[in-house]
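See structure below.
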Amino acid sequence: VLAIVVTINCFTGTFRHVQAAFMQVLQDNFSLGHYSLSGLFDRESLIVCRLSRGRGANWVLTLIGEQIGGRSIVDYFHQDQAGEMADLRNEFKVKCGCVFEDREFYAECRR
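Counting in the working numbering, the sequence shown runs from -16 upward without gaps.
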């Protein structure tokens, strides 16, 4: 595993309709980031952060805070080569900074 991307998804509607929703990223009881989700986003999902391997055994946390379409993480990995789902997958890869070759990724998933 080279990176882990954390998303929050709204399965029905958008975050514009959710009341009193927030998320917070903590490390050792210290807040690294806080997002209010209520009424702020017109899209269905939020890419929160990426944990990626640094040097040695260290992990690096990158806060992202980018909204994106899609009702679940599964939507970002449809194998469509063109069209709406392929566009969503490419948008996800760019926004989260995890650019991967689709063919290699799907071959690895089938192992």
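Note that CB positions come from ideal geometry on N, CA and C, so glycine has one too. The structure presented is a predicted model; accordingly, all values stated were derived computationally and were not measured.
Item                                                                                                               : Value
Own chain residues within Cβ distance below 6 Å of residue 19, not counting five before or after                   : 5
Exposed unless 16 or more other CB atoms sit within 10 angstroms - verdict on residue 71                           : buried
Sequence-distant residues of the same chain with beta carbon closer than 8 Å to residue 83, five excluded per side : 76
Whether residue 57 touches residue 30 by CB criterion (8 Å)                                                        : no
Span of the beta strand (DSSP E), counted from its first residue to its last, around residue 73                    : From DSSP, residue 73 is part of no beta strand (DSSP E) but of the alpha helix (DSSP H) over 67 to 79.
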